[in-house]
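Trainee: Residue numbers (the UniProt record's numbering): 1 to 107.
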Amino acid sequence: MADTSASRPQIAPGYTGPRFLGAPVGDFSVFQTILLSLASGAVAFFAGTFLAIMSMLVMTMFGHKPDFSIAYRWVGAPLGIAVLVIAGVFLTSALVSRIRRSAQAPR
């Protein structure tokens with residue numbers, strides 16, 4: 001077998017800061033932190049709503065008449081808000097720690 005390690009992309013090989021799913025997250029700016037937090041919340045909202053609607057469709061196959069607004073109100077919205085808050089806290093803490101490190105670094 002050929003060695004393909006040289007052709008594989010290296011994602012910040014010397015980076016030692018915080019990572020999220022393997023991607024370095026400590027070098028984001030304020031705008032990038034806000035944007036990624038909002039995007040994470042939106043993805044969680046849509047994924048949770050989709051799974052809730054699919055579950056309710058399965059329920060209709062067994063004779064139940066579910067109210068599909070429950071998928072948004074009780075699954076999608078709380079999940080999206082929770083992920084938004086968690087991602088915001090995590091990414092903001094990484095941003096603040098990077099700013100503190102750069103402020104304390106000798107010049």
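Each residue gets a CB set at the ideal place from its N, CA and C atoms; glycine is no exception.
Should the segment 71-80 be regarded as contacting the segment 40-58, the criterion being three or more beta carbon pairs within less than 8 Å?
Mentor: yes
Trainee: Can A87 and S37 be called in contact, C-beta distance under 8 Å?
Mentor: The answer is yes: Cβ separation under 8 Å.
Trainee: To which residues of the same chain is F45 closer than 6 Å at the C-beta, ignoring the five residues directly before and after it?
Mentor: G76, G80
Trainee: Considering only residues of the same chain and omitting the five flanking positions on each side of M59, which have a CB-CB separation below 7 Å?
Mentor: These residues qualify, in order along the chain: P66.
Trainee: Which residue marks the beginning of the alpha helix (DSSP H) containing R98, and which one marks its end?
Mentor: 77-104
Trainee: Use the C-beta contact count for V25: other C-beta atoms within 10 angstroms, 16 or more gives buried, fewer gives exposed.
Mentor: buried
Trainee: If you check the beta carbons only, do A94 and P18 fall under 8 Å apart?
Mentor: Yes, they are a contact pair.
Trainee: Would V83 be called buried (16 or more neighbouring beta carbons within 10 Å of its own) or exposed?
Mentor: buried
Trainee: Taking Cβ positions only, does Q104 come closer than 8 Å to chain C?
Mentor: Given the protein chain composition of this structure (a single chain), no chain C is represented.
Trainee: Restricting to Cα atoms, I'd like to know which of A23, D27, G22, L21 is closest to R101.
Mentor: D27
Trainee: Short check: CB of T92 to CB of T16, under 8 Å?
Mentor: Cβ atoms of T92 and T16: not closer than 8 Å.
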